[in-house]
Amino acid sequence: MISKITSQFPSTTAPHVVSIHSGCPVGESGIYEWYMYDPKLDSIISPLLFNFAGSEERNTLQNAGLQPEDLFPPRSLYKELKTENITSFVYQSRDYTPSPVTEAAFEGTQVFPFTSLSEVCVALLRDLKANEGPAYHFVYYDKIDSIGHQYGPESDFYHAEIRNCLNLLEEELISGMDSEKGKTLVLLTTDHGMSPTDPKNTTYLNLDFPELIPMLDSSQNGHPLVPAGGCRDFFLHLKKDKLQDAISLLQEPLAEKAEVHKVHDLLEAGFFGHSVSENLRSRVGNLVILPYYGESVWWYEKNRFEQNMLGHHGGLTREEMEIPLLALCL
-19 MISKITSQFP
-9 STTAPHVVSI
1 HSGCPVGESG
11 IYEWYMYDPK
21 LDSIISPLLF
31 NFAGSEERNT
41 LQNAGLQPED
51 LFPPRSLYKE
61 LKTENITSFV
71 YQSRDYTPSP
81 VTEAAFEGTQ
91 VFPFTSLSEV
101 CVALLRDLKA
111 NEGPAYHFVY
121 YDKIDSIGHQ
131 YGPESDFYHA
141 EIRNCLNLLE
151 EELISGMDSE
161 KGKTLVLLTT
171 DHGMSPTDPK
181 NTTYLNLDFP
191 ELIPMLDSSQ
201 NGHPLVPAGG
211 CRDFFLHLKK
221 DKLQDAISLL
231 QEPLAEKAEV
241 HKVHDLLEAG
251 FFGHSVSENL
261 RSRVGNLVIL
271 PYYGESVWWY
281 EKNRFEQNML
291 GHHGGLTREE
301 MEIPLLALCL
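Residue 206 in the working numbering sits at position 226 of the sequence shown; the count goes up by one each step and never skips.
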């Protein structure tokens, strides 16, 4: 079966990684983007990298007093499976496994860090054949996304990586499974789509709209709470009495490039799901800029925040929100 489903909003990695491991949608988990505000640290952080936004060093938030359990939802898919006597396995890149985040998120499961897709196909087939009882195997492969960021989703490189992935799955995994038993369901999907972006045409708010800077809310140490979200869904933390001023400043000049929305309106309309936790409300900004297909709006700080990618995601375009679901019973 091949079908089309939709991503969650924002259509980006962080909320979906948390959702797939916890079972919590974005509104409940409170993890909504790659960069987001954390009220305990009063700073913009990167939850999956577990560091401060703009930092190159990973896994530094524990030193600042934040533990993974302070940030991520307590619910765990793997703990729930274990109570039902279902064995679980997670296969994820060796580049970031293990880490404080994975150790918390993967409690109750068996973890296999891998380097290549061929390696994980062989390991997965081995584990499928070795395990006789009910089991759940989850593989996260990030190279298609990485190639899309680097070369763009319309590039030959991107399409070649997709073909490479599907061919390897067919040759190294599917062909080696016993299709006569009919007891294994293979599901293949992605967390989001992608829009092309052009670094040369990126609008940097602090450069093009310097009068916006004093409108931004600040941490207790005086640093503006920026940037949150991504270049396809830029969430602004504005002083409450400056929200309408910021809309007036940005809406008309960005009219051909992006939509500008109050986050409250999107929350009320259900864009973050039917149930919205206090965790999300305390972390998300109050204004969001959603660029049109092919556009990008971001924040510029040399060597910290720049938009150098030819493909990105996070927004509400069809190309970002529509994703495939393939199901095969073997």
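For glycine and all other residues, C-beta sits at the position ideal for the given N, C-alpha and C. Here the structure is a predicted model, which is why all the values come from computation and not from measurement.
Tell me whether residue 137 is buried or exposed, calling it buried when 16 or more other Cβ atoms sit within 10 Å of its Cβ.
Counted from its first residue, the sequence shown places residue 137 at position 157. So residue 137 ends up on the exposed side.
If we count the other Cβ atoms within 10 Å of its Cβ and call it buried at 16 or more, is residue -19 buried or exposed?
To locate residue -19, count along the sequence shown from 1; it is residue 1. With fewer than 16 Cβ atoms within 10 Å of its Cβ, residue -19 is classed as exposed.
Give the secondary structure of residue 235 by DSSP, where H, G and I count as helix, E and B as strand, and everything else as coil.
Along the sequence shown, read from residue 1 onward, the residue named residue 235 stands at position 255. Coil at residue 235, not helix or strand.
Taking C-beta to C-beta, are residue 218 and residue 270 nearer than 8 Å?
As a first step, residue 218 must be located in the sequence shown, where it is residue number 238. As a first step, residue 270 must be located in the sequence shown, where it is residue number 290. Not in contact: residue 218 and residue 270 (Cβ atoms no closer than 8 Å).
Judging by CA-CA distance, which residue of 255, 273, 280 is the nearest neighbour of residue 4?
Counting from 1 along the sequence shown, the entry for residue 4 is found at position 24. Residue 4 has its Cα closest to that of 255, out of 255, 273, 280.
In terms of alpha-carbon separation, which member of 192, 211, 265 lies closest to residue 229?
Start at 1 with the first residue of the sequence shown, and residue 229 comes out as number 249. Here the closest residue by C-alpha is 192.
Counting only runs of 3+ residues fully inside the segment 241 to 277, write out the beta strand (DSSP E) ranges in chain order.
267 to 271
In angstroms, rounded to a whole number, what distance separates the CA positions of residue 62 and residue 86?
Working through the sequence shown from its first residue, we reach residue 62 at position 82. Working through the sequence shown from its first residue, we reach residue 86 at position 106. Near 12 Å, if we compare the C-alpha coordinates of residue 86 and residue 62.
Outcome for residue 172 when other beta-carbon atoms lying within 10 angstroms are tallied against a minimum of 16:
The residue you call residue 172 lines up with position 192 of the sequence shown. Label assigned to residue 172: buried.
Roughly how many angstroms separate the alpha carbons of residue 208 and residue 20, rounded to a whole number?
Mapped onto the sequence shown, residue 208 falls at position 228. Mapped onto the sequence shown, residue 20 falls at position 40. Whole-angstrom Cα-Cα distance: 16 Å.
C-alpha gap between residue 146 and residue 1, whole angstroms:
Walking along the sequence shown from the start, residue 146 turns up at place 166. Walking along the sequence shown from the start, residue 1 turns up at place 21. Approximately 23 Å, taken between the alpha carbons.
So is residue 275 buried or exposed if we call it buried at 16+ other beta carbons inside 10 Å?
Numbered from 1 along the sequence shown, position 295 holds the residue referred to as residue 275. Answer is buried; the Cβ neighbour count reaches 16.
Between residue 121 and residue 89, is the Cβ-Cβ spacing less than 8 Å?
Residue 121 sits at position 141 when you count from the first residue of the sequence shown. Residue 89 sits at position 109 when you count from the first residue of the sequence shown. Cβ atoms of residue 121 and residue 89: not closer than 8 Å.
Checking 8 Å against the spacing of the C-beta atoms, do residue 196 and residue 187 come in under that value?
Position 216 of the sequence shown, counted from the first residue, corresponds to residue 196. Position 207 of the sequence shown, counted from the first residue, corresponds to residue 187. The answer is no: Cβ separation not under 8 Å.
Rounded to whole angstroms, how far is the Cβ of residue -9 from the Cβ of residue 300, which I believe are closer than 8 Å?
For the purposes of this step, residue -9 is taken as the residue at position 11 of the sequence shown. For the purposes of this step, residue 300 is taken as the residue at position 320 of the sequence shown. Right, their Cβ atoms sit about 4 Å apart.
Taking the continuous beta strand (DSSP E) assigned at residue 72, which residues delimit it?
Within the sequence shown, residue 72 is the residue found at index 92, counting from 1. Note, residue 72: beta strand (DSSP E), 67 to 73.
Classify residue 18 as helix, strand or coil using the three-state DSSP reduction.
Working through the sequence shown from its first residue, we reach residue 18 at position 38. The answer is strand: DSSP assigns residue 18 an E or B state.
Helix, strand or coil: which one does DSSP assign to residue 302?
As a position in the sequence shown, residue 302 is number 322, starting the count at 1. Residue 302 falls in the strand class under three-state DSSP.
Starting from residue 312, trace the beta strand (DSSP E) in both directions and tell me its first and last residue.
Here the chain comprises residues numbered -19 to 310, so residue 312 is not present and cannot be evaluated.
Counting Cβ pairs, one atom from each stretch, are 3 or more of them under 8 Å apart for the segment 162 to 180 and the segment 241 to 259?
no
On the DSSP bridge list, what partners appear for residue 292?
If you number the sequence shown from 1, residue 292 lands on position 312. Residue 292 is bridged to 175.
Opening and closing residue of the beta strand (DSSP E) in which residue 169 lies:
Mapped onto the sequence shown, residue 169 falls at position 189. Run containing residue 169: 165 to 169, per the beta strand (DSSP E) assignment.
Is residue -6 closer than 8 Å to residue 48 when the C-beta atoms are compared?
Here residue 48 corresponds to residue number 68 of the sequence shown, with the count starting at 1. Here residue -6 corresponds to residue number 14 of the sequence shown, with the count starting at 1. No, they are not a contact pair.
Assuming residue 66 contacts residue 114 (C-beta within less than 8 Å), just tell me the rounded distance between them.
For the purposes of this step, residue 66 is taken as the residue at position 86 of the sequence shown. For the purposes of this step, residue 114 is taken as the residue at position 134 of the sequence shown. Their Cβ separation, rounded to whole angstroms, is 5 Å, which keeps residue 66 and residue 114 in contact under 8 Å.
Helix, strand or coil for residue 25? Go by DSSP, reduced to three states.
If you number the sequence shown from 1, residue 25 lands on position 45. Correct three-state label for residue 25: strand.
Which two residues bound the contiguous beta strand (DSSP E) that contains residue 200?
As a first step, residue 200 must be located in the sequence shown, where it is residue number 220. Looking at the DSSP string, residue 200 is not in any beta strand (DSSP E), and its letter there is neither H nor E.
Where do the N-terminal and C-terminal ends of the alpha helix (DSSP H) with residue 58 fall, by residue?
Counting from one through the sequence shown, the residue named residue 58 turns up at place 78. Segment 57 to 63, the alpha helix (DSSP H) holding residue 58.
When DSSP builds the beta bridges, which residues end up paired with residue 119?
Reading the sequence shown from its first residue, position 139 is the one you call residue 119. Answer is 71, bridged to residue 119.
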